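FYI, the numbering for the sequence shown is -15 to 280, going by this note's numbering.
Glycine included, C-beta positions come from ideal geometry on N, C-alpha and C.
Predicted model, so just to flag it, every value in this text is computed and none were measured.
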Amino acid sequence: MRATLIDGKAIAESLREEVKQKVRERIDKGLPTPGLATVIVGENPASKVYVRMKHKACQEAGIISVGHELPKDATQDEVEDLVRKLNADPKIHGILVQLPLPAGLDEEHVLNTISLQKDVDGFHPINIGRLAQKGREPLFIPATPAGVMYLLEHSGTPLAGANAVVLGRSNIVGMPVSLLLVSANATVTICHSRTKDIPGIIREADVLVAAVGIPEYVRGDWIKPGAIVIDVGVNRVEDDTRKSGYRLVGDVNFDEAAEVAGAITPVPGGVGPMTIAMLLRNTLRAARLADGNHVE
Ligand code: GUN
C-alpha cells in the first residue's frame, strides 16, 4: 500500500474529546448542558442503529439526548407538532429528524419546521440555501459533509484550484459537500447516474469524494496517482468468513485504490466516525447560540 491512511476514527476521537472538554467548561460556568433531541419516524433498522450511536456519543460527551419515536403511519401534522414542541423546549438546543422519512411524508416541510437555531443537521432549506450562496454562511453545516472537509483539511490537502470530483448528488452528502468544496475554491465536478465516462472524469481528480452507495464501485485504475480519496460509502457485502455473515466496504475498491492514491480513508473508520463528532460539535454550537454568544 502506497497511500497514507486518513484515520477518521482517531481524528474523530480527538474532536469528541475537545467537545467533551468544552461541554464540561460550560457546565462548570453554570451554563446549560447542551441538549439534543432526535426524532425517528417508522421502523427503518439502519436509522435506529445510527440514532442509537448518536445518543451514545452524546452521553460520552456530557450532552443530554432525548429520543422520540413516532409510528410509521404518523401524519405530517404529528411529526411537525413534535418538532414545534421541541423548538419551544429551552432544554433542547439541537433537533435531528433522522432521514429518510417514511414515504408519504413531506420531508422538506418537516425540515422547514425545525427552528434555524436548532438545525444541527444543517438540512433546513435556509441553511442549505446559504451554503449555496457566495458570501453567506449557514448556521450549521451538515455533519457528514463537514466531516469530509475536516478530513481534507486535517490531511493537509490543498483545495484551492484543485480538481475535485464528487460522486453522488444526494441532499445529505453529495450536494452539500460539492458546495463546500466550491467555497474552498476547488474546481468541482459532480458525477451521477447519468454522467458519461465517470472513470475518465475521476482520472482527472486531485480529490475524490465518493458517495454513491455502490460497493467498491471505483476501481484502482480510475484513480489519479497521488490523489486524495475520501470514501463516504458504507455498504454491506456478504462474507461467509465473518460471524455476522457480512462485512462493510466503501464505494471505492480500497486495496486497489490504496496502491495509487496519495491518501485514502478506510471503511469503516474513515468518514463514519466524523459524522457523529460533527453532530456533537453542532449541538455544542447550538447551545452556545442559545446563550446569545457570538459563535465563530
Ligand atoms: N440519514 C443519513 N445520514 C443522516 C444524517 O446525517 N442526518 C439525518 N438526520 N439523517 C440522516
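#### Entry: Residues of its chain near G140, where Cβ-Cβ distance is below 8 Å and the 5 sequence neighbours each way are ignored
Start at 1 with the first residue of the sequence shown, and residue 140 comes out as number 156. Nothing meets the Cβ criterion.
### Message
Give me, in chain order, the residues of the same chain whose beta-carbon lies closer than 6 Å to that of A130; leave out the 5 immediate sequence neighbours on both sides.
### Response
Position 146 of the sequence shown, counted from the first residue, corresponds to residue 130. Within the same chain, A130 has close Cβ partners M262.
### Query
Does the beta carbon of S167 fall short of 8 Å from some heavy atom of the ligand GUN?
Position 183 of the sequence shown, counted from the first residue, corresponds to residue 167. Not so, every heavy atom of the ligand GUN lies at least 8 Å from the Cβ.
### Query
According to DSSP, which residues form a beta bridge with S49?
For this step, residue 49 is matched to residue 65 along the sequence shown. Paired residue(s): L20.
### Task
Out of I79, H176, V63, I76, point me to the one whose CA is closest to H93's CA.
Indexing the sequence shown from 1 puts residue 93 at position 109. Here the closest residue by C-alpha is V63.
### Query
Whose beta carbon lies closer than 6 Å to any heavy atom of the ligand GUN, going through the chain in order?
L80, V81, Q82, L83, D105, A127, T128, I156, T259
### Task
Report the residue from I(-5), N237, V196 whose alpha carbon sits nearest the alpha carbon of D205.
Within the sequence shown, residue 205 is the residue found at index 221, counting from 1. When only C-alpha atoms are compared, the closest one is N237.
### Message
For I260, which residues in the same chain have their Cβ closer than 8 Å to its Cβ, ignoring the five residues on either side in sequence?
### Response
What you label residue 260 is simply residue 276 of the sequence shown in a count that begins at 1. Cβ within range, chain order: A(-4), R0, M37, K38, A41, A127.
### Query
Between the C-alpha atoms of I156 and G14, what's the straight-line distance to the nearest angstrom?
Your numbering for residue 156 matches position 172 in the sequence shown. Your numbering for residue 14 matches position 30 in the sequence shown. Going from the Cα of I156 to the Cα of G14 covers about 35 Å.
### Three-pair Cβ contact test at 8 Å for the stretch 25 to 32 versus the stretch 83 to 103
yes
### Task
May I have the straight-line CA-CA distance separating D57 from G88, to the nearest angstrom?
Against the sequence shown, residue 57 aligns to sequence position 73. Against the sequence shown, residue 88 aligns to sequence position 104. Roughly 9 Å separates the two Cα atoms.
### Task
Could you tell me which residues DSSP pairs with G78 in its beta bridges?
For the purposes of this step, residue 78 is taken as the residue at position 94 of the sequence shown. Paired residues: L20.
### Message
Quick check on the DSSP output: what are the complete beta strand (DSSP E) runs of length 3 or more inside the stretch 211 to 251, in order along the chain?
### Response
212 to 215, 219 to 222, 230 to 233
### Message
Per DSSP, what are the beta-bridge partners of L54 in this structure?
### Response
Numbered from 1 along the sequence shown, position 70 holds the residue referred to as residue 54. For L54, which the question treats as bridged, DSSP gives the partners V25.
### Message
Alpha carbons only, please: which of D61, A116, R120, D73 is nearest the one belonging to L95?
### Response
Residue 95 sits at position 111 when you count from the first residue of the sequence shown. With distances taken between Cα atoms, L95 lies closest to D61.
### Query
With G229 and D223 assumed to form a contact (beta carbons below 8 Å), what rounded beta-carbon distance in angstroms separates them?
One-based indexing of the sequence shown puts residue 229 at position 245. One-based indexing of the sequence shown puts residue 223 at position 239. About 7 Å; that satisfies the 8 Å criterion.
### Query
What do you reckon, are the CB atoms on L151 and D235 nearer than 9 Å?
Working through the sequence shown from its first residue, we reach residue 151 at position 167. Working through the sequence shown from its first residue, we reach residue 235 at position 251. Result yes, Cβ atoms of L151 and D235 sit closer than 9 Å.
### Query
Given I32, which residues of its chain have a CB within under 7 Å of its CB, disregarding the five upstream and five downstream residues?
As a position in the sequence shown, residue 32 is number 48, starting the count at 1. The residue asked about is misnamed: residue 32 is Lys in this sequence, not Ile. Closer than 7 Å at the Cβ level, and outside the excluded window around K32, lie I24.
### Query
Is the stretch 165 to 173 touching the stretch 194 to 210, taking contact as three or more C-beta pairs under 8 Å?
no
### Query
Along the chain, where does the alpha helix (DSSP H) that runs through A(-6) open and close?
What you label residue -6 is simply residue 10 of the sequence shown in a count that begins at 1. Start and end: -8 to 12.
### Query
Does the separation of the CB atoms of G78 and L123 fall below 9 Å?
As a first step, residue 78 must be located in the sequence shown, where it is residue number 94. As a first step, residue 123 must be located in the sequence shown, where it is residue number 139. Contact flag unset, no.
### Query
What does a CB cutoff of less than 6 Å around E188 pick up in its chain, not counting 5 residues either side in sequence?
Locating residue 188 in the sequence shown gives position 204, counting from the first residue. The residues are N147.
### Query
Of the residues G113, G197, E91, which one's Cα is nearest the Cα of S177?
Taking the first residue of the sequence shown as 1, we reach residue 177 at position 193. Answer by Cα proximity: G197.
### Query
Say the cut is 8 Å; is the CB of V3 nearer than that to a heavy atom of the ligand ADP?
Of the ligands this structure carries, namely the ligand GUN, none is the ligand ADP.
### Task
Have a look at A270 and P18 and give me their C-alpha separation to the nearest angstrom.
One-based indexing of the sequence shown puts residue 270 at position 286. One-based indexing of the sequence shown puts residue 18 at position 34. The straight-line gap from Cα to Cα measures roughly 8 Å.
### Query
Which two residues bound the contiguous alpha helix (DSSP H) that contains A146?
Here the question's residue 146 lines up with position 162 in the sequence shown. Per DSSP, A146 belongs to no alpha helix (DSSP H) and is neither H nor E.
### Task
Would you mind reading off the limits of the alpha helix (DSSP H) that contains V104?
Against the sequence shown, residue 104 aligns to sequence position 120. Premise fails: V104 is in no alpha helix (DSSP H) and is neither H nor E.
### Query
For I174, does the three-state DSSP call read helix, strand or coil?
Residue numbering aside, residue 174 sits at position 190 when the sequence shown is read from its first letter. In the structure shown, I174 sits in a strand (DSSP, three-state: E or B).
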